[in-house]
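In my numbering, the protein residues as written are 9 to 164.
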């Protein structure tokens, strides 16, 4: 099982009147999310039908077990759970086809667009490629926020 770290102060608010909005890094640490919050995050991004066999929350850590058909599907499952406000880690054991590359994630620091992120990366990647790698979790090149974790393209 691999552990992926997330900024618990950042992320989409999972419940209440502010559901779906982004938690500011300046705000106090949000409450620990419940299982229903994580399931709603999966459903929001169309991931509810993926093959997840196990989801457990222990404090601010999400434990995921399941299978995915590609690196992108696996990474979306990890990011959908990890980018919920209040989550500090995702421990994932997600089976993928042999030869599937390991995830490569990046936390957004100050960039306001995926084009800005791409310019700062040592890899030869464009903002459009970052957008494609992160859809449907990111809907446009300016749909990012400080503290958010995104996926770097690992497959063509």
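Just so it is clear, CB atoms sit at the ideal spot from N, CA and C, and this is done for glycine as well.
Beta-bridge partners of residue 10 (DSSP): 100. Residue pairing by DSSP places residue 152 in no beta bridge whatsoever.
For the region 12-89, the full-length alpha helix (DSSP H) segments reaching 4 residues or more read 43-52 along the chain. Restricting attention to 45, 50, 80 and 48, the CA atom closest to the CA of residue 162 is found in 80. Contact annotation: residue 88 and residue 122 have beta-carbon atoms that are not nearer than 9 Å.
With respect to the C-alpha of residue 32, the residue from 47, 39 and 19 having the closest C-alpha is 19. Following the DSSP letters along the chain, one finds residue 114 inside the beta strand (DSSP E) bounded by residues 113-115.
Here DSSP, grouped into helix, strand and coil, assigns residue 125 to helix. The Cβ neighbour count for residue 119, taken over all protein chains shown within 10 Å, is at least 16; the residue is labelled buried. Non-local C-beta neighbours of residue 75 in its own chain, meaning closer than 6 Å and more than five positions away in sequence, comprise 59 and 103, ordered along the chain. By the beta-carbon neighbour count (other beta carbons within 10 angstroms, threshold 16), residue 9 is exposed.
Between residue 139 and the set 149, 65, 93 and 105, the nearest pair of CA atoms involves 149. Of all alpha-carbon atoms in 142, 93 and 84, the one lying nearest the alpha-carbon of residue 26 is that of 93.
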